[in-house]
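All remarks here apply to the structure that follows.
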Amino acid sequence: EAGVVQSPRYKIIEKKQPVAFWCNPISGHNTLYWYLQNLGQGPELLIRYENEEAVDDSQLPKDRFSAERLKGVDSTLKIQPAELGDSAVYLCASSKGLAGGNEQFFGPGTRLTVL
Amino acid sequence: KQEVTQIPAALSVPEGENLVLNCSFTDSAIYNLQWFRQDPGKGLTSLLLIQSSQREQTSGRLNASLDKSSGRSTLYIAASQPGDSATYLCAVRGGGSEKLVFGKGTKLTVNP
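Each protein sequence line maps, in turn, to chains Y and W.
Okay, so the first sequence: first residue is 9 according to the numbering used here, each after it adds one.
Okay, so the second sequence: first residue is 298 according to the numbering used here, each after it adds one.
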């Protein structure tokens, strides 16, 4: 069974440019999460989807960040415009929810560098 | 607000040693606790998941315990190997929330 897939793995952009990250969760996982991980820190939740509905986006900086999961499978996280402080690793995770004990499985992440 | 602390921040041991990593959390009303491993430049690999009703979980050389009342969990690694070198992260899911709150991790180095 394939794990959580993310692309690109690495992205270098100049500040004020837009950037987008893509995630494909494990098949059958209805819950999808986007996390932000700064160097030396644990991941912090940005947004959680139950199917196509964003049920927790309280930590998402909505002035520049947006996300979508149109068909309840793949998801895209966008930053526009990017700032220097956005340099971090963006992790996507998925879970089966209660049926799977809510165990979360993570993708390899996208490392973003903003110059 | 749930806070998760992991001690020590870094640990270096010789190969073959048994070791314990510690995780503490401030709010004991948790749904479950998950231990992850993260290799440099990689994502997180789930190691063990302990539900709030459980006291421990085992997988191979790994054993994780949970004491909800004291807000503590430990990850025991038996007969450590150089391949165990990684950062180990503890995360708790609060009751009524799907959100995982992570500690900062313990960076483990196992020397040959």
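Here a beta-carbon is modelled for each residue, glycine too, at the ideal position from N, C-alpha and C.
Outcome for residue i when other beta-carbon atoms lying within 10 angstroms are tallied against a minimum of 16
i	result
D336 (chain W)	exposed
G338 (chain W)	exposed
S350 (chain W)	exposed
Q88 (chain Y)	exposed
I20 (chain Y)	exposed
V122 (chain Y)	buried
L318 (chain W)	buried
R56 (chain Y)	buried
Y385 (chain W)	buried
First through last residue of the beta strand (DSSP E) which encompasses residue i
i	result
G391 (chain W)	A383 to G391
R334 (chain W)	I327 to Q335
A307 (chain W)	A307 to P311
L353 (chain W)	Residue identity check: residue 353 (chain W) is Glu in the sequence provided, not Leu. That run of the beta strand (DSSP E) goes E353 to S356.
Q88 (chain Y)	First-last for Q88 (chain Y): undefined, no H or E at that position.
A376 (chain W)	Premise fails: A376 (chain W) is in no beta strand (DSSP E) and is neither H nor E.
N319 (chain W)	L316 to F322
E52 (chain Y)	E52 to E58
S74 (chain Y)	F73 to E76
Beta-carbon spacing of residue i, residue j below 8 Å
i	j	result
Q331 (chain W)	L397 (chain W)	yes
V389 (chain W)	V310 (chain W)	no
P51 (chain Y)	F322 (chain W)	no
I34 (chain Y)	F113 (chain Y)	yes
L405 (chain W)	A383 (chain W)	yes
A96 (chain Y)	V12 (chain Y)	no
L341 (chain W)	N329 (chain W)	no
I327 (chain W)	K298 (chain W)	no
E312 (chain W)	P379 (chain W)	yes
Test: residue i CB closer than 8 Å to a CB of chain W
i	result
N110 (chain Y)	yes
L99 (chain Y)	yes
G80 (chain Y)	no
P51 (chain Y)	yes
P33 (chain Y)	no
D65 (chain Y)	no
G36 (chain Y)	no
F113 (chain Y)	yes
For residue i, the nearest candidate out of the options (CA to CA)
i	options	result
I374 (chain W)	W:R352, W:G391 and W:L344	W:L344
D94 (chain Y)	Y:P33, Y:E60, Y:L44 and Y:Q112	Y:L44
R77 (chain Y)	Y:N32, Y:K19 and Y:V27	Y:N32
T355 (chain W)	W:S366, W:T371, W:K365 and W:S367	W:T371
D64 (chain Y)	Y:W42, Y:R17, Y:Q49 and Y:R72	Y:W42
Interface flag, residue i vs chain Y, CB-CB below 8 Å
i	result
F322 (chain W)	no
P343 (chain W)	Residue identity differs from the one stated: residue 343 (chain W) is Ser in this sequence, not Pro. S343 (chain W) counts as touching chain Y.
Near the ligand NAD: residue i beta-carbon under 7 Å from a heavy atom
i	result
G93 (chain Y)	Questions concerning the ligand NAD fall outside what the structure shown contains, since it holds no ligand whatsoever.
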